Structure formats: C-alpha cells, structure tokens
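Single-structure report; data block below.
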Amino acid sequence: MPKSFNKNSIFHKKYLVPISIKSQQKQDNFVSSIFLIIKISFSLLAIISLIKLGYSSKVRLTRLREIEDSFLYEKYRFNFLTDKFDDLFSSEGEQRFMKDQDQIISRDIIRVIWR
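By the UniProt record's numbering, the letter at position 91 of the sequence shown is numbered 91, and the numbering carries on one by one without gaps.
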C-alpha cells in the first residue's frame, strides 16, 4: 500500500480528516435545521389550535348567554302569567279578567260575554 493511503500518513491527516469533519458538521447542521423547522411547525400548529379553541369557546359562551337570557325571559313571562291565572280563581277574579279583556279587545269588534 502506498504511503499516501496509510491512515497515519501526513496526507491523510492533512486533507482527508478535515473533509470528513466538515461533512460531519454539515450533516449535523442539516439535521439541526430540520429539527428546528419541525419544532417551529409544531409550535405554530399549537398556537393556531389554541387560537381556534379560544374563539370556539367564546362563541359557545355567547350562545349559552343568549340561551340563558331567553330562558330567564320566558321564566319571567311564565311566572307573570301564572300569577295572572291564579288571580282569575281568586275572589272577584272573573270580573278583573273581564276588565282586562275589555282593554285587550279593540273597540270596533263585537263582544259576546257569556254569563
């Protein structure tokens, strides 16, 4: 074997070893950059997912508030009408009911009152 291909030769130490170190560094830099890109991609994916989750939660809470407001309004109306219905069966409730009906019915409609 010629002396230039011996692992301990000056040629090998001077020219071949630095090339293998440089190629190893290039590979390390390439792998590091790939991992950095993957980390950035996952970070962006996590941030976008959190933003979408926050927006969906906001929309859901808004809808739940609307449903709650509607429920409270209907509950108030129910309680009001229940009280009015209970007043109908109290003493002289029928007379109060007829007076309320007179106010509700418009003037140009014929009224028939059954007794």
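C-beta: ideal position from N, C-alpha, C; glycine also. Predicted, not measured: the structure shown is a model, and the values here were computed from it.
So for residue i, helix, strand or coil by DSSP?
| i | result |
| --- | --- |
| residue 90 | coil |
| residue 25 | helix |
Just checking residue i against the ligand ZN - is the residue's beta carbon closer than 6 angstroms to any of the ligand's heavy atoms?
| i | result |
| --- | --- |
| residue 39 | In terms of ligand content, the structure shown is empty, and the ligand ZN therefore cannot be addressed. |
- prompt: Mind pulling the beta strand (DSSP E) runs of 3 or more residues that sit fully within the segment 18-87?
  reply: none
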